[in-house]
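Just below is one structure, and these are the notes that go with it.
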Amino acid sequence: MKLGLIYPHTELAGDPAAVRQIARAAEELGYDYLLSYDHVLGASHDREPKLRGPYTEHHPFHDPFVMFSHVAAITTRLELVTGVMILPQRQTALVARQAADVDLLSGGRLTLGVGTGWNYVEYDVLGEDFKSRGRRLDEQIAFLRALWRDPLLSFEGTFDNADRVALNPRPARPIPILLGGFAEVALRRAAKVGDGFIFADGAADALAQFARLRELLADFGRNDEPFEARCNMLRDKSPADVAARACRWAEAGGTHAAVNTTGMGLQSTEQHIHYAAEVMKAITVGARV
């Protein structure tokens with residue numbers, strides 16, 4: 001099983017030096033990938049309809065594609081994972097171009113995790129429709145893959161249309177597209193068209209969701225296909241408990257697990273790195289036992 005580190009955007013005050021320090025440390029400590037959340041904008045919650053997500057205007061986020069372009073230049077093997085990017089609030093062709101370039105410039109290290117999100121204010125400001133986000137995401141996945149694959153294509157959809165266009169240069173390989181979310185519809189979408197799923201254990205029960213996803217994969221006849229089961233481990237605090245959670249995830253058939261350093265009371269970049277090192281040490285010791 002591969003291990004990742006979730007970049008703690010909200011606790012590092014948008015410090016660019018922290019991006020460099022944590023990315024380099026993740027690679028040096030032996031982590032396989034760096035995962036980034038995504039929000040273009042924060043918004044105050046004193047509005048109707050209510051915003052019910054965990055972030056406000058006070059929480060900083062870097063753009064994943066821009067951040068990963070920088071990280072790609074200062075690392076050599078770290079996989080770069082969006083977990084998840086809110087795809088329906090973005091222009092599909094522009095995401096195709098940006099993702100292709102990050103993948104090309106990093107030597108094929110991008111994995112694109114996508115979802116629908118919860119912040120309707122971002123959709124409004126970006127000029128996209130919040131209510132149709134699920135249907136748009138389904139179409140966008142097909143359009144992205146076509147843009148990355150075909151030297152010249154036409155595409156006719158409900159939300160995107162293209163007449164004999166080309167993405168040039170295209171990525172050298174199919175960029176993996178993973179889904180994320182908490183609802184049944186997200187699991188079903190992943191089982192139908194995804195290359196994998198990113199679970200958020202703590203926000204939901206990842207093991208229960210994984211069992212349900214296996215049923216859905218069987219329903220779609222995909223039991224024998226490669227499929228990534230990635231767990232963002234948000235539930236546990238101590239390094240020993242995180243290591244135990246990673247072990248249980250691997251035993252359940254999980255392919256990837258990402259370590260979370262947010263919400264631990266850590267006050268500096270160095271403390272986040274130290275905690276990541278302690279978790280890696282606990283996992284390594286547990287693997288030897």
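Just so we're aligned: 43 in full-length UniProt numbering is position 43 of the sequence shown, and the numbers increase by one with no gaps anywhere. Built from N, CA and C at the ideal position, the CB exists for glycine as well.
For residue j and residue i, believed in contact at Cβ under 8 Å, the rounded distance
i   : j    : result
L34 : Y7   : 6 Å
G53 : N119 : 6 Å
M67 : V19  : 6 Å
Alpha-carbon spacing of residue i relative to residue j, whole angstroms
i           : j    : result
F220        : H58  : 42 Å
A25         : V279 : 13 Å
residue 302 : E184 : Since the displayed the chain opens at 1 and closes at 289, residue 302 lies outside it and no answer follows.
G42         : H62  : 12 Å
M233        : E270 : 21 Å
L213        : L187 : 6 Å
L104        : D195 : 19 Å
P64         : A99  : 10 Å
F227        : P16  : 34 Å
A72         : A258 : 19 Å
P239        : M1   : 17 Å
D241        : T261 : 13 Å
K50         : S44  : 10 Å
Three-way DSSP call (helix, strand, coil) for residue i in this model
i           : result
I22         : helix
V279        : helix
S69         : helix
S268        : coil
residue 331 : Since the displayed the chain opens at 1 and closes at 289, residue 331 lies outside it and no answer follows.
A172        : coil
E225        : coil
G134        : helix
A183        : coil
T82         : strand
A204        : strand
In DSSP terms, what residue i is bridged to
i    : result
L199 : Leu is not the amino acid found at residue 199; the sequence shown has Phe there. Paired residues: C231.
K2   : H256
E156 : N161
G107 : The partner list for G107 (beta bridge, DSSP) is empty, contrary to what the question assumes.
G113 : L178
Three or more C-beta pairs below 8 Å linking the region 142-159 and the region 68-79: no
At least 3 beta-carbon pairs within less than 8 Å: the region 166-175 vs the region 108-122: yes
Contact between the region 199-210 and the region 251-258 (3+ Cβ pairs under 8 Å): yes
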